[in-house]
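**Q**
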């Protein structure tokens, strides 16, 4: 998990967290919506809104403060930004072992299958290496579920105190995922354990729920955190959200959390062994939890839904990271059934297949099978150039403090600002919209609004329709932009942890005419 943490620079979302952490240490506040003003630059990657005239963010997720603490001790760097999340991920793994012991006390083999499925999961290993909320969500989700299962068994009321604290920290690790987890936990409990508690126990449970509501709801109401006009999803109807349910269920298979063939086989085993004492019936409760979480996520997610793109579209797989350990329990139940019916050798072979490849997925697109764990082990021992690294190296070598640089698409600012904001100016990409205090932003003294300046250097990640429109936009006045250099690296960053967007190494087969990075220089138009 620690090998090669600094090989690749932060990708976009990691840059958001890291820059916010660095700004918090410098200024004592997290300003801006996505990324704060660092005193020299202001990230305006999206037409975002701000909470108030102080330009203070409503996005106060815990990962920013975890990263800030490590930056304070070890300095701001790629490695120090990722290291604490690896530690949280390994801590989550330790708590997961306690959880499976609590859930399956009589099934030693099942416990080990579940533990190994998480410990050597490519998704787990990739996710905890990110300077993002993934490891925090994993840790607090596993801890919360462990405390809940322990409370169900022991009825020790003192467990409610750490449980509510863990749920609150889960919520502040990622609001959407924390809310979905809590709803899934509550509904599943009512479905399977509504009659288990005494009136006294219910009183304490409801009191604990009220404490959680106060500690989280007041913040949500004060910041109106549900209002995200920049996401452009106001038109999504309830009917359209069912498309997102379909995508999320499909992506549980695609991401390797819950392979489709495994789920189908588990259904057959459940029917065959339904009267046997060794069948882990708790798996039905876990599946119910997973289903409710997916439905709630689909209803609350800010992701736009377009029915015509369901075939090739993807849901936000990162939003399902909290389900990874519970999905592993379901897959472990399948392996345990194989173990009981066909022997330990057959189950062990299937375990190796599940960890090494996506061979049991329903989503083998175009017949492509990927060797996941071997590819991960190879990747972490190779230092290759990502598109962000290529741009950072170029600007460090050729740009001057007097230059104003604009990069498209604008989300690439998130990483570049962390590495370059002290040495040059990256221009903002905002338009004047009522979602934020325009006058306040105009007074920052940096190029915030896209129509107010003409960058000296324009960098396009890929030759896309939007990048061509950007070049035309900045060429509307007295200047024109001519291509100065092509950076020969694939323009999409394939280091993010979700399987469909992860290449496990540099992308070598691409069209240099359309899929590289292009640097444009400004020059006056001929009269």
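In this note's numbering, the protein residues as written are 1 to 527. Here a beta-carbon is modelled for each residue, glycine too, at the ideal position from N, C-alpha and C. Quick caveat, the model's predicted, so the values are computed rather than measured.
Less than 7 Å between C-beta atoms, sequence neighbours within five positions excluded: which residues of the same chain meet that for residue 110?
**A** Hits under 7 Å: 104, 280, 332, 333 and 336.
**Q** Mapping the DSSP letters down to three states, classify residue 508 as helix, strand or coil.
**A** Here residue 508 sits in coil by DSSP.
**Q** Quick one: what does DSSP say residue 148 is sitting in, helix, strand or coil?
**A** It is helical.
**Q** Name the residue from 501, 244 and 391 whose alpha carbon lies nearest to the alpha carbon of residue 516.
**A** Here the closest residue by C-alpha is 391.
**Q** Whole angstroms are fine: how far does the CA of residue 16 sit from the CA of residue 34?
**A** Caution applies to residue 34, whose pLDDT of 37 falls short of 50 and renders its modelled position unreliable; the value that the coordinates give is listed next. Near 6 Å, if we compare the C-alpha coordinates of residue 16 and residue 34.
**Q** Tell me the DSSP secondary structure of residue 489 in three-state form.
**A** If DSSP states are grouped into helix, strand and coil, residue 489 belongs with coil.
**Q** Please state whether DSSP places residue 282 in a helix, a strand or coil.
**A** Helix, per DSSP.
**Q** Less than 8 Å separating the beta-carbons of residue 255 and residue 498?
**A** Yes; because the gap between Cβ atoms is below 8 Å, this pair is in contact.
**Q** I want to know whether the region 498-510 touches the region 444-459 - three or more CB-CB distances under 8 Å.
**A** No contact exists between the region 498-510 and the region 444-459.
**Q** Since residue 457 is in the beta strand (DSSP E), which residue starts that stretch and which ends it?
**A** First-last of the beta strand (DSSP E) with residue 457: 457-461.
**Q** Quick one: residues in its chain with C-beta nearer than 8 Å to the C-beta of residue 120, no 5 flanking neighbours on either side, listed in chain order?
**A** The residues are 355 and 373.
**Q** What is the DSSP secondary structure of residue 482, counted as helix, strand or coil?
**A** If DSSP states are grouped into helix, strand and coil, residue 482 belongs with the strands.
**Q** Report back the beta-carbon spacing between residue 168 and residue 216 to the nearest angstrom; my notes put them in contact at under 8 Å.
**A** With a Cβ gap of about 6 Å, residue 168 and residue 216 count as contacting.
**Q** Under DSSP, the alpha helix (DSSP H) around residue 349 begins and ends at which residues?
**A** Unbroken alpha helix (DSSP H) run through residue 349: 344-356.
**Q** Is the CB-CB distance between residue 414 and residue 81 below 8 Å?
**A** For residue 414 and residue 81, no; Cβs fall outside 8 Å.
**Q** Exposed or buried, residue 465, counting other C-beta atoms within 10 Å across all chains shown (16 or more means buried)?
**A** Exposed, by the Cβ-count rule.
**Q** Nearest-angstrom Cα distance between residue 248 and residue 18?
**A** Each residue's alpha carbon lies about 28 Å from the other.
**Q** Taking the beta carbon of residue 70 as the centre, do at least 16 other beta carbons fall within 10 Å, making it buried, or is it exposed?
**A** The residue is buried, with at least 16 neighbouring Cβ atoms inside 10 Å.
**Q** With H, G and I counted as helix, E and B as strand and the rest as coil, what does DSSP make of residue 128?
**A** Residue 128: coil per DSSP, three-state reduction.
**Q** Leaving out five residues on either side along the sequence, give the residues of the same chain with a beta carbon under 8 Å from the beta carbon of residue 361.
**A** Same-chain partners within the cutoff: 253, 254, 256, 259, 260 and 261.
**Q** With respect to the beta strand (DSSP E) encompassing residue 518, which residues constitute its N-terminal and C-terminal limits?
**A** Element bounds for residue 518: 517-524.
**Q** Taking 8 Å as the cut-off, decide whether the C-beta atoms of residue 394 and residue 506 are in contact.
**A** Result no, Cβ atoms of residue 394 and residue 506 do not sit closer than 8 Å.
**Q** Round the Cβ separation of residue 428 and residue 404 to the nearest angstrom and send it over; I've been treating them as touching at under 8 Å.
**A** Going by Cβ atoms, the distance from residue 428 to residue 404 rounds to 10 Å, so no, they are not a contact pair.
**Q** Tell me whether the region 286-297 and the region 180-196 touch, counting them as touching only if at least three CB pairs, one residue from each stretch, are closer than 8 Å.
**A** With the cut-off at 8 Å, the region 286-297 and the region 180-196 touch.
**Q** Just verifying my parser: in three-state terms, what is the DSSP assignment at residue 202?
**A** In this structure, residue 202 counts as helix in the three-state DSSP scheme.
**Q** In the DSSP assignment, find the beta strand (DSSP E) that holds residue 408 and state where it starts and stops.
**A** Here the beta strand (DSSP E) through residue 408 covers 404-408.
**Q** Answer with buried or exposed for residue 422, where buried requires no fewer than 16 other C-beta atoms within 10 angstroms of its C-beta.
**A** Answer is exposed; the Cβ neighbour count stays below 16.
**Q** How would you call residue 89, buried or exposed, if buried means at least 16 neighbouring beta carbons within 10 angstroms?
**A** So residue 89 ends up on the buried side.
**Q** If we count the other Cβ atoms within 10 Å of its Cβ and call it buried at 16 or more, is residue 2 buried or exposed?
**A** Counting Cβ neighbours within 10 Å, residue 2 comes out exposed, since fewer than 16 surround it.
**Q** Roughly how many angstroms lie between the CA atoms of residue 486 and residue 475, to the nearest whole one?
**A** Computed Cα separation, rounded: 20 Å.
**Q** Tell me, please, which residues DSSP counts as bridged to residue 426.
**A** Looking at the DSSP assignment, residue 426 forms a beta bridge with 405.
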